[in-house]
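Taking our numbering, the leading residue of the sequence shown gets 566, the next gets one more, and so forth.
Glycine is no exception: its CB is placed at the ideal position from the N, C-alpha and C atoms.
Note sheet for the following structure.
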Amino acid sequence: MMRLSHLLRSSLAATALLAATAHAAPQYVAAGSPLPRFHLLKEGSHRYLRYLQAADSNTPLDIWQRDIRFEGKRVTIRQRWDAVGKSPSVKWLDSSFEAGTLRPLSHTRITQKDGKKTVEGFAFAPDKVTGLPDLPGNTQKALSVPSAEPAFNFEADMELLQALPLAEGYEAQLVLYHPGGPAAPARYTFRVAGSEAIAGPAGPVDCWVVTTDYNQPGTVSKFWFARATQLMVRQESRMPDGRLLVKTLID
566 MMRLSHLLRS SLAATALLAA TAHAAPQYVA AGSPLPRFHL LKEGSHRYLR
616 YLQAADSNTP LDIWQRDIRF EGKRVTIRQR WDAVGKSPSV KWLDSSFEAG
666 TLRPLSHTRI TQKDGKKTVE GFAFAPDKVT GLPDLPGNTQ KALSVPSAEP
716 AFNFEADMEL LQALPLAEGY EAQLVLYHPG GPAAPARYTF RVAGSEAIAG
766 PAGPVDCWVV TTDYNQPGTV SKFWFARATQ LMVRQESRMP DGRLLVKTLI
816 D
């Protein structure tokens, strides 16, 4: 009886150790590897409202539309940002990816603000991101950013997370780069912290709650992905001034 009890305790300890070890090792998702739930990405459009929330006010920032299209062996994600407020602007993003992996191929960003048009274009390669040389008016033509590992396009993080095998305790580590941004390509960790039902456009939605600190220890950004479709329903990020930046699905 004593030996059986000892074996049981040893088995439970080993199970706990294995669970802790698994939790401590996020799954690295390499750019170019097949995404387990890529099939959850569907053609169509979705709109989000972005606003800043303070203790006694909500300040709208913009309406954000994302369109997904499948074109043979490629996926195209087009975005439009219509900003409101004292300085209205419009921004168009056009990104292409390899189907099945979301390995980024190209990315263009056109911003219209205060009567000025700014054009930016980028090409993704396994070892670097460069400016598109033949894009007319490209202000990023001379860009060349080395990447020690193939990087995903940060502008498509919502779709990328949607295509991962979200589950209780799942953690993923991905190399992300914001085209033309000041930060170099880097690994970021996203963790499924639990599940929760939140309000959606058509009623309550059962969601996976995903968190990340974007490599800024002490900060937490939270995403809510519908468990059935893994479509992002909401995101919240605390700003340096204490206000909460909210992105919420409105259609």
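Review point. Taking Ala620 as the reference, which of Val770, Trp646, Asp806 has the closest Cα?
Key: Asp806
Point to revise | Stretch pair the segment 757–777 + the segment 609–623: three plus CB contacts closer than 8 Å | key: no
Practice item. Return the CA-CA distance between Glu724 and Leu796, expressed in angstroms with no decimal places. Key: One Cα belongs to Glu724, the other to Leu796, and the distance between them is close to 8 Å.
Exercise for review: Give every residue of the same chain whose Cβ lies closer than 7 Å to the Cβ of Ala585, excluding the five residues on either side of it in the sequence, and list them in chain order.
Suggested key: Bear in mind that the predicted position of Ala585 carries a pLDDT of just 40, short of 50, making it unreliable; the figure below should be weighed with that in mind. Once the five neighbours on either side are set aside, Ala585 has no close Cβ partner at all.
Exercise for review: Note down, in chain order, each residue of its chain lying with its Cβ closer than 8 Å to the Cβ of Asp679, except the 5 sequence neighbours on either side.
Suggested key: Ser652, Ser654
Point to revise | Reduced DSSP category for Met797 - H, G, I as helix; E, B as strand; rest coil | key: For Met797, the secondary structure class from DSSP, reduced to helix, strand or coil, is strand.
Check your understanding: Near Val538, which residues of its chain fall below 8 Å by C-beta distance, leaving aside the five closest residues on each side in sequence?
Key -> Look at the range of the chain in this structure, 566 to 816, and you will see that residue 538 is not part of it.
Check your understanding: What's the gap between the Cα of Thr754 and the Cα of Arg668?
Key -> 18 Å
Exercise for review: Helix, strand or coil for Gln705, going by three-state DSSP, please let me know.
Suggested key: coil
Practice item. For Met804, count neighbouring Cβ atoms within 10 angstroms of its own Cβ and tell me buried if that reaches 16, exposed if not. Key: Met804 sits exposed, since fewer than 16 C-beta atoms from the chains shown fall within 10 Å of its C-beta.
Review point. Can you name the residues that DSSP bridges to Gly768?
Key: Gly765
Review point. Taking buried to mean at least 16 other C-beta atoms within 10 Å of its own C-beta, is Ser661 buried or exposed?
Key: buried
Exercise for review: Output yes or no for whether 8 Å exceeds the beta carbon distance between Trp657 and Ile675.
Suggested key: yes
**Study point:** As assigned by DSSP and simplified to three states, the class of Asp627
**Key:** Here Asp627 carries a strand assignment [DSSP, helix/strand/coil].
Review point. From Asn703, Pro730, Tyr742, Lys607, pick the residue whose C-alpha is nearest to that of Ala713; which is it?
Key: Tyr742
Review point. To the nearest angstrom, how far is it from the Cα of Glu733 to the Cα of Gln592?
Key: C-alpha separation (whole angstroms): 14 Å.
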